[in-house]
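Okay, here's the thing in structure tokens:
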């Protein structure tokens, strides 16, 4: 029987992800108390969570960064956004959201991975991460990679989704950054991946 994830946890997770980009809007609302189905499969949960993450990240990259930085040139985006009174880069916004979700202990984790990371912490480390990045690169990001792994004594359902260069600002940032190991990205290229891990229980 496939492992099932309680819907109340899913609703809480989706609410948290949906609120990541809503800066200044406060904490995500509590899950509704109405009766719910018994649960969803981990793959469904991961796909739902990623749909929200990808939508928020695309909106921020296109409607905030690309529009204000590249098109209208009214503000810049910088990895030193606090000191320079600039916008955080899309990857920084994504990481801050992931850290907030981890602090809330909702029951899953997520983060960016790349074979060509500017931030070396985003390089693949586990076999699943390496296999996943190779898989999404080989299919051009048309399909995600799914697997299971054990980290410590915890088993996880792990899903890796392609991180696509959706805006010129994203592509240019990577191509121009002094620490970037790859400087020829184009719009629509697979630039890395988004790893989502959902705990399945302790490894016996």
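Residue numbers (the working numbering): 1 to 204.
Glycine included, C-beta positions come from ideal geometry on N, C-alpha and C.
Could you tell me the distance, in whole angstroms, from the CA atom of residue i to the CA atom of residue j?
i           : j           : result
residue 116 : residue 184 : 11 Å
residue 114 : residue 122 : 6 Å
residue 118 : residue 197 : 22 Å
residue 124 : residue 141 : 17 Å
residue 112 : residue 95  : 8 Å
residue 80  : residue 74  : 17 Å
residue 55  : residue 163 : 12 Å
residue 69  : residue 153 : 45 Å
Determine the contact status of residue i and residue j, defining contact as a CB-CB distance below 8 Å.
i           : j           : result
residue 170 : residue 42  : no
residue 165 : residue 191 : yes
residue 199 : residue 107 : yes
residue 133 : residue 193 : yes
What would DSSP say about residue i, mapped onto helix, strand or coil?
i           : result
residue 73  : coil
residue 94  : helix
residue 126 : coil
residue 136 : helix
residue 83  : helix
residue 105 : coil
residue 163 : strand
residue 42  : helix
residue 187 : coil
residue 198 : strand
residue 177 : coil
residue 115 : coil
residue 142 : coil
residue 63  : helix
Please name the residue in the options whose C-alpha comes closest to that of residue i.
i           : options           : result
residue 138 : 189, 201, 54      : 189
residue 173 : 140, 158, 76, 156 : 76
residue 51  : 155, 159, 151     : 159
residue 48  : 71, 161, 67       : 161
residue 187 : 109, 39, 167, 155 : 167
Compare the C-beta of residue i against all C-beta atoms of chain B and say whether one is closer than 8 Å.
i          : result
residue 67 : Of the protein chains in this structure there is only one, and it is not chain B.
Decide if the stretch 174-188 is in contact with the stretch 94-107; the criterion is three or more beta carbon pairs, one per stretch, under 8 Å apart. no
Validate contact between the stretch 46-63 and the stretch 77-86 using beta carbons, cut 8 Å, 3 pairs: no
Meets three-Cβ-pair contact criterion under 8 Å: the stretch 139-151 and the stretch 120-130: yes
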